[in-house]
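As structure tokens, the structure follows; a few thoughts come after it.
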Amino acid sequence: MFDTLSDRLTSVLQNLRGKGKLSDADIDSTAREIRIALLEADVALPVVRAFIAKVKERAKGAEVSEALNPAQQVIKIVNEELVAILGGETRRLNLAKNPPTVLMLAGLQGAGKTTLAGKLALWLKKQGHAPMLVACDLQRPNAVTQLQVVGERAGVQTFAPEPGNGVGDPVDVARRGIAEAKHSQHDIVIVDTAGRLGVDEELMRQAADIRDAVQPDETLFVVDAMIGQDAVTTAEAFRDGVGFTGVVLTKLDGDARGGAALSVREVTGQPILFASNGEKLEDFDLFHPDRMASRILG
Ligand code: GDP
């Protein structure tokens with residue numbers, strides 16, 4: 001996903017190599033090149049501005065280091081600032097003191113929520129948890145069946161409304177799902193919710209109603225990293241309409257420009273918890289800002 005950005009940054013920073021001392025003009029022109037590379041990668045403008053200002057300020061004030069030459073110092077600063085915009089430390093899931101922990105998934109249709117429910121369940125199972133899925137996407141035909149299928153693949157139970165009762169009330173299903181999880185000793189409940197093709201008020205209200213009913217320990221906003229700048233507007237809409245405590249980036253294996261991944265933490269103020277990078281249930285892990293920054297810097 002970051003191939004182009006990575007190539008650009010590598011070549012910009014390469015130009016600094018061999019310079020004994022960097023003038024302010026060197027730093028300014030490097031910063032300008034980095035700015036263009038980030039904008040072309042679809043990183044949101046305010047994020048780019050803040051990033052460049054920080055890199056410039058630090059590079060110009062950089063202490064003379066015995067261990068690093070000027071080019072290496074700029075690379076170190078760029079790397080550290082990339083890690084910072086990606087969230088700094090790896091943030092782990094908040095687990096409830098009194099199980100079950102409730103994780104609610106929200107996001108647009110096609111973002112990868114259902115797949116994520118299976119991935120997360122499998123990942124949690126491997127860590128010794130006993131997760132259960134709850135199917136609250138009652139809008140899209142087949143969504144319930146699709147969740148049951150990923151649940152089976154992950155080897156976990158899925159709570160779903162009984163068929164034949166009309167569309168059903170997702171809030172009621174969510175409540176009953178949590179009660180069932182308590183009853184059957186599951187320590188983590190993953191609540192899948194409906195996504196629409198675009199942000200709409202009814203979707204937000206429904207997700208907010210489910211949130212109020214289940215009081216999640218984490219609400220995870222699931223976003224397709226391939227949708228570019230739209231990821232930021234969608235994230236803002238979900239932040240304001242439902243609120244979330246963490247972000248999951250999906251489709252990081254795609255060949256889009258990757259700016260969404262670099263913007264969403266800064267723009268929403270919420271950390272990226274997980275990265276999803278393929279269609280298989282195993283293509284999933286905690287999000288590590290430092291590893292992502294290294295991948296981008298090549
Ligand atoms: P939902 O509508 O949000 O529940 O989205 P789905 O889970 O149904 O995913 C939509 C499509 O994206 C499906 O074809 C998934 O196989 C695919 N998908 C989900 N996550 C990933 C990922 O990380 N990488 C790739 N390449 N495809 C994914």
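Take the sequence shown: its letters are residues 1 to 298, numbered as in full-length UniProt numbering. Every residue gets a Cβ at the ideal spot worked out from N, C-alpha and C, and that includes glycine.
- Task: Reducing DSSP to helix, strand and coil, say where A179 ends up.
- Result: Residue mapping note: residue 179 aligns to position 179 of the sequence shown, counting from 1. A179: helix per DSSP, three-state reduction.
- Query: Can you find a heavy atom of the ligand GDP that lies under 8 Å from the Cβ of G228?
  - Reply: Sequence index remark: in the sequence shown, residue 228 carries index 228 (1-based). Incorrect: G228 has no Cβ contact closer than 8 Å to the ligand GDP.
- Task: Taking all protein chains shown into account, decide if H129 is buried (16 or more other Cβ within 10 angstroms of its Cβ) or exposed.
- Result: Locating residue 129 in the sequence shown gives position 129, counting from the first residue. The residue is buried, with at least 16 neighbouring Cβ atoms inside 10 Å.
- What are the boundary residues of the beta strand (DSSP E) that includes I227? As a first step, residue 227 is located in the sequence shown; it is residue number 227 there, counting from the start. Note, I227: premise wrong, no beta strand (DSSP E); not H, not E.
- Message: What does the alpha-carbon distance come out to for the pair R17 and A44?
- Response: On the sequence shown, position 17 is the one that residue 17 refers to. On the sequence shown, position 44 is the one that residue 44 refers to. Rounded to whole angstroms, the separation of the alpha carbons of A44 and R17 is 29 Å.
- Drop a sphere of 10 angstroms on the beta-carbon of K126, count the other beta-carbons inside from all chains shown, and report buried for 16 or more, exposed for fewer. Translated into positions along the sequence shown, residue 126 becomes position 126. K126 should be labelled exposed.
- Task: Please specify which runs of the beta strand (DSSP E), each continuous and at least 3 residues long, are wholly inside the region 227 to 264, giving them in chain order.
- Result: 246 to 250
- Message: Run through the DSSP bridge pairs and tell me what E218 is partnered with.
- Response: For this step, residue 218 is matched to residue 218 along the sequence shown. Per DSSP, L103.
- Task: Would you mind stating whether D224 and A231 have Cβ atoms separated by less than 9 Å?
- Result: In the sequence shown, the residue the question calls residue 224 occupies position 224. In the sequence shown, the residue the question calls residue 231 occupies position 231. Their beta carbons are under 9 Å apart, which means D224 touches A231 by this criterion.
- Message: Tell me whether the region 104 to 124 and the region 182 to 196 touch, counting them as touching only if at least three CB pairs, one residue from each stretch, are closer than 8 Å.
- Response: yes
- Enumerate, from N- to C-terminal direction, the unbroken beta strand (DSSP E) stretches of 3 or more residues contained entirely within the region 99 to 157. 101 to 106 and 131 to 136
- Message: Quick check: G254 and L9, are their CB atoms within less than 9 Å of each other?
- Response: If you number the sequence shown from 1, residue 254 lands on position 254. If you number the sequence shown from 1, residue 9 lands on position 9. Not closer than 9 Å, so no.
- Task: Using the DSSP secondary-structure output, state which residues sit across from T193 in a beta bridge.
- Result: Within the sequence shown, the letter at position 193 stands for residue 193. Looking at the DSSP assignment, T193 forms a beta bridge with C136.
- Item | the ligand GDP heavy atom lying under 8 Å from the CB of N69 | Your numbering for residue 69 matches position 69 in the sequence shown. For the ligand GDP, not one heavy atom lies less than 8 Å from the Cβ of N69.
- Message: Under 8 Å: does the beta carbon of T114 sit that close to some heavy atom of the ligand GDP?
- Response: The count along the sequence shown starts at 1 and reaches residue 114 at position 114. Yes, the ligand GDP has a heavy atom inside 8 Å of this Cβ.
- Query: Do the CB positions of V149 and A160 come within less than 9 Å of each other?
  - Reply: Residue mapping note: residue 149 aligns to position 149 of the sequence shown, counting from 1. Residue mapping note: residue 160 aligns to position 160 of the sequence shown, counting from 1. No, Cβ-Cβ distance for V149 and A160 is not below 9 Å.
- Message: Contact defined as beta carbons within less than 8 Å: I believe K113 pairs with L281. What is the distance between those atoms, to the nearest angstrom?
- Response: In the sequence shown, residue 113 corresponds to position 113, counting from 1. In the sequence shown, residue 281 corresponds to position 281, counting from 1. 14 Å between Cβ atoms; not a contact.
- Item | Contact with chain D by V149, beta-carbon distance below 9 Å | Considering every chain present, this structure includes no chain D. It has just one protein chain.
- the region 285 to 296 contacting the region 267 to 276, beta-carbon criterion three pairs below 8 Å: Flag = yes, the region 285 to 296 and the region 267 to 276 touch.
- Task: Taking L95 as the reference, give the member of E218, D200, A256 and A111 with the closest Cα.
- Result: As a position in the sequence shown, residue 95 is number 95, starting the count at 1. Closest by alpha carbon: E218.
- What does a CB cutoff of less than 7 Å around T245 pick up in its chain, not counting 5 residues either side in sequence? Along the sequence shown, one-based indexing puts residue 245 at 245. Only E218, T219 and Q270 meet the Cβ criterion.
- Is DSSP giving L68 helix, strand or coil here? One-based indexing of the sequence shown puts residue 68 at position 68. L68 falls in the coil class under three-state DSSP.
- Message: Quick check: the Cα distance between R205 and A117, rounded to an integer number of angstroms?
- Response: As a position in the sequence shown, residue 205 is number 205, starting the count at 1. As a position in the sequence shown, residue 117 is number 117, starting the count at 1. Their backbone Cα atoms lie some 21 Å apart in a straight line.
- Query: Comparing the CB of R140 with every heavy atom of the ligand GDP, is any distance shorter than 8 Å?
  - Reply: The residue labelled residue 140 in the question sits at position 140 within the sequence shown. Yes, the ligand GDP has a heavy atom inside 8 Å of this Cβ.
- Task: Compute the Euclidean distance between the alpha carbons of V248 and G259, then round it to the nearest angstrom.
- Result: One-based indexing of the sequence shown puts residue 248 at position 248. One-based indexing of the sequence shown puts residue 259 at position 259. One C-alpha to the other measures close to 15 Å.
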